[in-house]
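Protein chains in written order, with my numbering: chain A, 44 to 293; chain B, 95 to 332.
Cβ coordinates follow ideal geometry from the N, Cα and C atoms, glycine included.
Please read these numbers as outputs of a predicted model, since none were measured by experiment.
Structure first, then comments.
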Amino acid sequence: MRKNNNPVTLDPFQNWAHRWGRIGTLIALIYMIAVPFIVLNYYNCVPSLGAVFNVATFGILAIYIPVGISEALSYTPLMGTSSYLGFITGNIMNLKLPCAVNALKIAGKEANTPEGDVVASIGVAASSIMTVVILTLAAAMVSVISPIFELQAVKTMSSYLLPALFGSMTLGLFASSSAGSKVVVGGIKGVIPVLVIISAVCIFARIAGFAGMILGLVGFMILLMLPVAIITSRILWKKGIIKVVDKEEK
Amino acid sequence: MVTIKEIINSPLLLALVCGGLLYITGFAVVYLLKARKRALELGITNKEVKDIVKSSLVFSVVPSLSIVIGLVALAASLGTIWAWWRLSVIGSLSFETQIASSLAATLKFASTADMMEHATGEQFGVVMILMSVGMLAGFCVLLPFGKKLMTSVDKTKGGNGWSNVLSGCFMLVLLAVYVPVLLICDTIQALVMITGLVVALALGVLAKKPGMAWLNNFIMAGSMIVGMVSSLLWTKIF
Numbered sequence: 044m045r046k047n048n049n050p051v052t053l054d055p056f057q058n059w060a061h062r063w064g065r066i067g068t069l070i071a072l073i074y075m076i077a078v079p080f081i082v083l084n085y086y087n088c089v090p091s092l093g094a095v096f097n098v099a100t101f102g103i104l105a106i107y108i109p110v111g112i113s114e115a116l117s118y119t120p121l122m123g124t125s126s127y128l129g130f131i132t133g134n135i136m137n138l139k140l141p142c143a144v145n146a147l148k149i150a151g152k153e154a155n156t157p158e159g160d161v162v163a164s165i166g167v168a169a170s171s172i173m174t175v176v177i178l179t180l181a182a183a184m185v186s187v188i189s190p191i192f193e194l195q196a197v198k199t200m201s202s203y204l205l206p207a208l209f210g211s212m213t214l215g216l217f218a219s220s221s222a223g224s225k226v227v228v229g230g231i232k233g234v235i236p237v238l239v240i241i242s243a244v245c246i247f248a249r250i251a252g253f254a255g256m257i258l259g260l261v262g263f264m265i266l267l268m269l270p271v272a273i274i275t276s277r278i279l280w281k282k283g284i285i286k287v288v289d290k291e292e293k
Numbered sequence: 095m096v097t098i099k100e101i102i103n104s105p106l107l108l109a110l111v112c113g114g115l116l117y118i119t120g121f122a123v124v125y126l127l128k129a130r131k132r133a134l135e136l137g138i139t140n141k142e143v144k145d146i147v148k149s150s151l152v153f154s155v156v157p158s159l160s161i162v163i164g165l166v167a168l169a170a171s172l173g174t175i176w177a178w179w180r181l182s183v184i185g186s187l188s189f190e191t192q193i194a195s196s197l198a199a200t201l202k203f204a205s206t207a208d209m210m211e212h213a214t215g216e217q218f219g220v221v222m223i224l225m226s227v228g229m230l231a232g233f234c235v236l237l238p239f240g241k242k243l244m245t246s247v248d249k250t251k252g253g254n255g256w257s258n259v260l261s262g263c264f265m266l267v268l269l270a271v272y273v274p275v276l277l278i279c280d281t282i283q284a285l286v287m288i289t290g291l292v293v294a295l296a297l298g299v300l301a302k303k304p305g306m307a308w309l310n311n312f313i314m315a316g317s318m319i320v321g322m323v324s325s326l327l328w329t330k331i332f
């Protein structure tokens, strides 16, 4: 199996997104950090450094740092250049990633290609605008709409958004990965160790009675399992067990 | 002494949040227009672009309504303006809700509602700053290494290469972690996921029938809604 080392020539849109997406993201980040400081400074109540960063608060942040790293490592290759906008507007797993997958599926394009990147970016941008509009309307009418959104049935349905999303998205994920001219044969073999480990952890957690905590640990799990899957896939690809073939050859 | 209520209802905070949201909306509009222009140059038809936009807008409604539920809950503990800002940028529904209650406990309040009643401006300042810096870790990877991550899986390199395998690997890991967690850890979650999958399959078959191709644009949105609604049935049975 020969490794292909051709340099990647980026599409004009990808070049634009890498340059302006990063600059735009950086400006947004600086603004987001500045907002609390401007307000607190105006009211002359900026807390001391020790009050903000101490053992207790660092413990809380320590939970979210690996999750943030895990999200960036696992979602960026899937979302391509739409990641910059997706990460600024947040809610990636429950909104932006499914939107990118949906856009790829509708257009019949493959992720990680110039066409896939523009299509995913269109989907994520439209979704971001829609979310801002809905949240603005909701914030303006929060006292009016509160009774509806506090109904038990609405809360129950909302708490099952993620499994419903995964049910609806799974086919789309496979469709977008097989839309190009090349097909990966046997790719699933690379994640068999991950499936076995995670299934064993879940079964153990369910028997031991702490299955409810597992969903909150998914970020850690992805971070730990990514190297397992990449190394396994690499070994199997080198041995010719995982192959990349032209679609017609399949 | 400044109280939490003065800060969360502050006109200055409102002005800054409105300014930030205008910037982010403008950024999204520029992204959309740039991507649309390039899509047309790459041979994607205007109709396909419109279909993607239409489907993305429809698809976003239900998850956005779930975020609205978070907004209603967070508004009670952090004020409407700050909750609106946090859930419109970077923030995720689960992160914001969890960090608000964790910080309330750390600051020795019985609950987020207690914090809303009794916190000083400085104490709320701690919450605002930590919520703002808490989600930065992802950007520390995305900004310096995002381009490298994306080009490492670029499929235009050609050949029967590793980048194709690696690209699929990220998607498969996501499925290999989430699917067992959703299927094994909770019966209702499993049933909701299976319902969504079955409905997506059924709609996919239906969309292949003559005159039903339009359905393709709404398969994900439709199956997600049916999946969520089915949770009402499953919670009654189990």
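- Between I223(B) and V95(A) a beta carbon distance of about 5 Å is seen, short of the 8 Å cut, so the two are scored as contacting.
- Counting C-beta pairs with one atom in each stretch, the stretch 260 to 273 of chain B and the stretch 223 to 236 of chain B have fewer than three that are closer than 8 Å, which means they do not touch.
- Secondary structure note for V228(A): it is in no alpha helix (DSSP H), and the uninterrupted beta strand (DSSP E) holding it is 225 to 228.
- Within chain B, the residues C263, L266, V267, A270 have their CB atoms less than 8 Å from the CB of A272(A), given in chain order.
- Taking a C-beta distance under 8 Å as the contact criterion, P206(A) and Q192(B) do not qualify as a contact pair.
- Nearest C-alpha to A105(A) among L127(B), M210(B), M225(B): M225(B).
- With a threshold of 16 other beta carbon atoms within 10 Å, Q57(A) meets it and is buried.
- Annotation: A154(A) to S164(A) spans about 11 Å, alpha carbon to alpha carbon.
- Contact of V187(A) with chain B is not assigned, every C-beta pair being separated by 8 Å or more.
- By the Cβ-count criterion, V147(B) is buried, with 16 or more other Cβ atoms from all chains shown falling within 10 Å of its own Cβ.
- Nearest neighbour of V110(A) by Cα position, chosen from G151(A), Y118(A), G262(A), turns out to be G262(A).
- Legend: CB atoms of the stretch 174 to 185 of chain A lying less than 8 Å from CB atoms of chain B belong to residues T174, V175, I177, L178, T179, A181, A182, V185.
- According to DSSP, residue pairing for V220(B) in a beta bridge does not occur.
- Sequence-distant Cβ neighbours of L181(B) in its own chain, meaning closer than 8 Å and more than five residues away, are I161, G164, L165, L168, L187, E190.
- According to DSSP, residue pairing for K286(A) in a beta bridge involves V228(A).
- Under the 10 Å beta carbon count, D160(A) is surrounded by 16 or more other beta carbons and is classified as buried.
- Counting only residues of its own chain and dropping the five nearest sequence neighbours on each side, K225(A) has a CB closer than 8 Å to the CB of V287, V288, D289, K290.
- When DSSP states are grouped into helix, strand and coil, T52(A) belongs to the coil group.
- With distances taken between CA atoms, S211(A) lies nearest to A315(B) out of P274(B), L269(B), A315(B), L243(B).
- In terms of beta-carbon proximity, A207(A) lines the interface with chain B, with at least one pair separated by less than 8 Å.
- K139(A) places its beta carbon less than 8 Å from that of S170(A).
- Contact annotation: in the stretch 149 to 167 of chain B, residues whose CB is within less than 8 Å of a CB in chain A are S149, S150, L151, F153, S154, V155, V156, P157, S158, L159, S160, I161, V162, I163, L165, V166.
- Of all residues in the stretch 117 to 142 of chain B, only Y117, I118, T119, F121, A122, V123, V124, Y125, L126, L127, K128, A129, R130, K131, R132, A133, E135, L136, G137, I138, E142 place a beta-carbon less than 9 Å from a beta-carbon of chain A.
- T119(A) carries a helical assignment under DSSP once its states are collapsed to helix, strand and coil.
- According to DSSP, residue pairing for T132(A) in a beta bridge does not occur.
- K282(A) does not reach chain B, its nearest Cβ partner there being about 12 Å away, counting only Cβ pairs nearer than 9 Å.
- Sequence-ordered contacts of the stretch 245 to 266 of chain A with chain B read C245, I246, A248, R249, A254, I257, L258, V261, M264, I265 [C-beta pairs closer than 7 Å].
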